[in-house]
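*Asks:* The structure is given below, and queries will be raised subsequently.
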Amino acid sequence: MKQSFEELVKVNRILLGEKGCAWDRKQTFDTIKKTMLSEAQEVKEAIEKKDYENLKEELGDLLYNVIFLSRMAEKKNLFSIKDVLVASKEKIVGRHAHVFGDQKLDDLKKISEQWHRIKEEEKKDK
Numbered sequence: 000m001k002q003s004f005e006e007l008v009k010v011n012r013i014l015l016g017e018k019g020c021a022w023d024r025k026q027t028f029d030t031i032k033k034t035m036l037s038e039a040q041e042v043k044e045a046i047e048k049k050d051y052e053n054l055k056e057e058l059g060d061l062l063y064n065v066i067f068l069s070r071m072a073e074k075k076n077l078f079s080i081k082d083v084l085v086a087s088k089e090k091i092v093g094r095h096a097h098v099f100g101d102q103k104l105d106d107l108k109k110i111s112e113q114w115h116r117i118k119e120e121e122k123k124d125k
């Protein structure tokens, strides 16, 4: 899995490089934002249709756009792809305290309440 992810990042590095694609190099956060929304909509449609082969393709497109935006941010010294991955992991682990912490919950309502409470606390800290 790691190799496949790194290969996709490498494809993006090539496309954004000097000898890469003029269209890709011309993109901005605003232009990719539109593409990202379109891809998310296509993911939604594939799920609704239960078209799992298409879902696989659309999730790949969505993932590529995450890489694209992250690489654009990296080129501007804002953050890196690694920063995105670390932040995502920390957020998911933190919101699943019932799995990764000492408190064990099985009740779906209590799990949801805890998740929302943790999310609200995160917002206050920002």
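In numbering that gives the first Met the number 0, the protein residues as written are 0 to 125.
C-beta atoms are modelled at their ideal positions from N, C-alpha and C, and glycine is treated no differently.
The model shown is predicted, which means the values in this text are computed figures rather than measured ones.
1. Beta carbon of residue 31, beta carbon of residue 67: below 8 Å?
2. Mark residue 69 as exposed unless 16 or more other C-beta atoms lie within 10 angstroms of its C-beta, in which case mark it buried.
3. Could you spell out where the alpha helix (DSSP H) holding residue 97 opens and where it closes?
4. Using the Cα positions of residue 119 and residue 110, report the straight-line distance between them to the nearest angstrom.
5. Report the three-state DSSP secondary structure of residue 36 (helix, strand or coil).
6. Mapping DSSP to helix, strand and coil, what is residue 102?
7. Measure the C-alpha to C-alpha separation of residue 80 and residue 73 and round it to an integer number of angstroms.
*Replies:* From the atom records:
1. Yes, Cβ-Cβ distance for residue 31 and residue 67 is below 8 Å.
2. Buried.
3. Looking at the DSSP string, the run of the alpha helix (DSSP H) that includes residue 97 is 96–99.
4. Roughly 14 Å between the two C-alpha positions.
5. Three-state result, residue 36: helix.
6. When DSSP states are grouped into helix, strand and coil, residue 102 belongs to the coil group.
7. Rounded to the nearest angstrom, the two C-alpha atoms are 7 Å apart.
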